[in-house]
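For reference, each letter of the sequence shown is one residue, going 21 to 687 in the working numbering.
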Amino acid sequence: MEDSSHQTLTYFGELLARRLSRRDFVATGSVAAAVAGALPAVASASNSSLSHQRVFKSVGPTREDRVLLSPGLRHDVLIGWGDPLFKDDPGLTSRDIRSIDWLDARAAAKQEKRFGTNNDALAFFVSPKKRSSGVLCVNHEYVVPELSFAGFSKDREAWVRAHPEAVAWMQAAHGVSVLDLERGLRGWRVVRGGPSTRRITANTPMQIMGPARGDTLLQTNADPSGTTVLGTFANCAGGKTPWGTYLTAEENIQDYFGGARSWAESSADDATKLAYRRWPLRERSAFGWDLIDKRFDVRREPREALRHGWIVEIDPLEPSSIPKKRTALGRFCHEGANTILTADGRVAAYMGDDTKFEYVYKFVTRDRFNPKDRAANLDLLDHGTLYVARFDAEGRGEWLPLVHDENGLLNSRNGFRSQAEVVIKCRAAADILGATPMDRPEDVEPSPITGRVYMALTKNGDRAIRRGDFMGREINLGPNFANPRPQNDFGHIVELIEDNDDASSKRFSWNVFLLAGDPRNASAKFLSQAEQVLPGRLAREDVFYGGFTDRSQVSPIACPDNLGFDPTGRLWIVTDADEELIGNNGCFVVPTSGPDRGLLKQIMSAPVGAEVCGCEFTPDGTTLFLSIQHPGEGGTVDNPVSHWPDGQELPARSAVIAISRDDGSPL
Ligand code: FEO
Ligand code: CA
Ligand code: CA
Ligand code: CA
């Protein structure tokens, strides 16, 4: 039987409390327009917990093959690829994977009960009655074959054909793990086979919900109703709702389908082809699933790919619940979805489309969140308005509604016969509305304290391309006000302030909060708040740290990816950069308010080859969960370049770590 204390979650209560505190905190007028070149409005830190920042001593950049932490911090490895989620399973160890013998006909069935590969997003839900226990949801984004299969050959197709059982195994290693956690004297540990423990894979049945449910474009041979789909994969970042469910984001789904070009050449199905126009598929897939499983061969199932690329909602407390794809939130390379309440108690979700020149989105529910009735909220994400962002000069911007037949644009004449087609062909609809092409939007996250929204634009080296041709329209792909670097190898973070401090506003102010890079570089210009950040005028190396003026105090940083907030409102950033730029990836913290706004410190350096994901705090702020994804990338199982976390010359494995202070106090 389930522990009934798991049935309600405190997350919505926290959100409400924080909503109140931020309305007290943001002084009237402090959200004035952030004019390019003028001082961005910064609320003074009236809240003492914000002004009293504990400053970390920086760690890194390094190239060491281990987790390095600022003094006073410690970490535990919570769980890694192959570890058992249930009792009586020895799991798959880094010793086992030194040979390929483990990959047999039973490997997929075993993997369905074990922690998956390449853990990414993390979402922690605390149990209200027992604060020492909780549930952690973890995405498994993809498989790096070189880091999983001994003897993997560069000819991927030939290798998959010789090891057909690898496809079912890879499908089982994708998706989501739902873990029960318990905190003891020695920190958090996974409770194997706890009441919420669950694995969701690329083959778990899911419901398609919202405006695209049942649409012709989502109908397949296996599902003529267009309502039920198997699985989720390519799940990158995520989020959670005020009612305590998990949102997992389907990102690079185009890598999983093959045969698209030959299908397009021979097919007369123009409606389906139009749906692929802004999201081209490939002839050869990245992982060879199409060679073994016809669902991934576009020639056999031309519409299967349209059933992926959505936000999926999972109830972590009900292991038997059916995950739901929420089509109202649009279809694109979803990085994540981060929610906050609007002034009138509805829910806004902020989202990025992580591809060069793609857009930032917001969804606002039609109906209000009901904090007293969890069940009443469970389908809130099916009704509401999806918006895409246009960033204008002078630090202003507008949320453009992606609504069928509104403004005389998103109608049949332009290729949208219904709202279903608007959400399925979301990118093309956003093109037509004139959204601003961004430098690969990753996490877009509202501060639970101030309501300000931070978006990680991870990088884009192609801004030199001046013109695009999407859906027959010309779109300027040169630098713009919100993406000012012609050559943005280090990425940046934009701060967005909704009008009236209300997440349902249609207009907003914005400013550049961080231009990432290496301030130690002598040729880097360390920009002050008074210096204009104008499109096209910045060198690749120039940096800006939220107006902080002392370059010797801040850490170098490259390619911000996931973002998070601790309970005091500091912004936490993890990175996914080429190690050549600065060094190993890591975790950073920066105040967004007060005199230390922009004082960015690196608190963790990751093992060789890893990107860092997650940034998830326990509500008391004492534990920070991070994902160490693909340590050892660039090497192979046979020739590892990382041995983390098991050491002893063993191949590396992705894993989740829990960081805390030595004395157990909040970070
Ligand atoms: Fe999977 Fe956008 O990183
Ligand atoms: Ca990511
Ligand atoms: Ca996040
Ligand atoms: Ca990334």
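Ideal Cβ placement from N, Cα and C applies to all residues, glycine included. These numbers were taken from a predicted model, which means no experiment stands behind them.
8 Å contact criterion, which residue i and residue j should meet: CB distance rounded
| i | j | result |
| --- | --- | --- |
| G652 | F645 | At roughly 21 Å, the Cβ-Cβ gap does not stay under 8 Å, so G652 and F645 are not in contact. |
| S90 | F76 | 4 Å |
| A348 | G230 | 4 Å |
| D374 | C256 | 7 Å |
| L326 | L238 | 6 Å |
| V155 | L98 | The pair is not a contact, with the Cβ atoms about 13 Å apart (cut-off 8 Å). |
| G606 | T470 | Going by Cβ atoms, the distance from G606 to T470 rounds to 25 Å, so no, they are not a contact pair. |
| F169 | V657 | 7 Å |
| A254 | Y379 | No, A254 and Y379 are not in contact; Cβ-Cβ is about 19 Å, not under 8 Å. |
| P468 | V367 | Their Cβ separation, rounded to whole angstroms, is 13 Å, which puts P468 and V367 out of contact at 8 Å. |
| A675 | N139 | 7 Å |
| V164 | H650 | 5 Å |
| R493 | T612 | At roughly 36 Å, the Cβ-Cβ gap does not stay under 8 Å, so R493 and T612 are not in contact. |
For residue j and residue i, the rounded distance between their alpha carbons
| i | j | result |
| --- | --- | --- |
| G566 | L534 | 6 Å |
| W309 | E132 | 17 Å |
| G428 | D459 | 29 Å |
| H72 | L619 | The predicted model places H72 with a pLDDT of 42, which falls under 50 and marks its position as unreliable, so this point remains unresolved. |
| L361 | V318 | 40 Å |
| T638 | A396 | 26 Å |
| L430 | R298 | 15 Å |
| G203 | K174 | Note that residue 203 corresponds to Arg in the displayed sequence, not to Gly. So the two alpha carbons sit approximately 43 Å from each other. |
| D85 | N582 | 22 Å |
| G195 | S341 | 15 Å |
| F389 | D364 | 9 Å |
| F510 | S548 | 18 Å |
| G556 | T643 | 41 Å |
| D570 | K479 | 25 Å |
| S216 | A523 | 32 Å |
| D402 | T224 | 21 Å |
| R483 | I679 | 37 Å |
| I228 | L400 | 14 Å |
| R320 | S529 | 47 Å |
| W419 | E515 | 15 Å |
| V594 | G629 | 14 Å |
| S147 | G641 | 15 Å |
| E695 | S432 | With the chain represented from 21 up to 687, any question about residue 695 goes unanswered, as that position is not in the structure. |
| L199 | Q191 | 19 Å |
| V55 | A544 | Per-residue confidence for V55 stands at a pLDDT of 26, beneath the threshold of 50, marking its modelled position as unreliable; the derived number appears in the next sentence. Taking the straight line from one Cα to the other gives about 24 Å. |
| D387 | G329 | 25 Å |
C-beta contact flag for residue i and residue j at 8 Å
| i | j | result |
| --- | --- | --- |
| S119 | H160 | no |
| I513 | Y474 | yes |
| D463 | G372 | yes |
| I623 | V87 | no |
| R681 | L93 | yes |
| V332 | P339 | no |
| A672 | P627 | yes |
| V574 | V553 | no |
| A141 | G350 | no |
| A440 | A232 | yes |
| R416 | R527 | yes |
| A280 | L301 | yes |
| K293 | S286 | no |
| I495 | D538 | no |
| W283 | P322 | yes |
| I312 | V408 | no |
| I444 | A295 | yes |
| A476 | P391 | no |
| E465 | N604 | no |
According to DSSP, residues forming a beta bridge with residue i
| i | result |
| --- | --- |
| P104 | R134 |
| W592 | G584, V609 |
| Q622 | F608 |
| M371 | Y381 |
| I517 | S529 |
| A675 | G100, I648 |
| Y565 | L534 |
| T359 | A369 |
Check: residue i C-beta below 7 Å from any heavy atom of ligand 6
| i | result |
| --- | --- |
| C635 | The ligand content of the structure shown is limited to ligand 1, ligand 2, ligand 3 and ligand 4, which means ligand 6 is not among them. |
Cβ of residue i within 8 Å of any chain C Cβ
| i | result |
| --- | --- |
| S197 | Note that chain C does not occur in the displayed structure, where there is just one protein chain. |
Can you list the beta strand (DSSP E) stretches of 3 or more residues lying completely in the segment 399-439, in chain order?
Complete beta strand (DSSP E) runs here, min 3: 404-411, 416-421.
Contained beta strand (DSSP E) runs [length at least 3] in the segment 437-466, N- to C-terminal order
The qualifying runs are 461-466.
Complete runs of the beta strand (DSSP E) confined to the segment 196-267 [at least 3 residues]:
As far as the segment 196-267 is concerned, its whole beta strand (DSSP E) runs of at least 3 residues are 207-210, 218-220, 225-229, 248-250, 255-260.
Tell me the start and end of each unbroken beta strand (DSSP E) in the segment 136-185 that is at least 3 residues and wholly inside, in chain order.
If we require 3 residues or more, the beta strand (DSSP E) runs fully inside the segment 136-185 come out as 139-146, 153-160.
What alpha helix (DSSP H) runs, 4 residues minimum, are completely inside the segment 288-370?
Segments of the alpha helix (DSSP H) lying fully in the segment 288-370: 290-295, 309-312.
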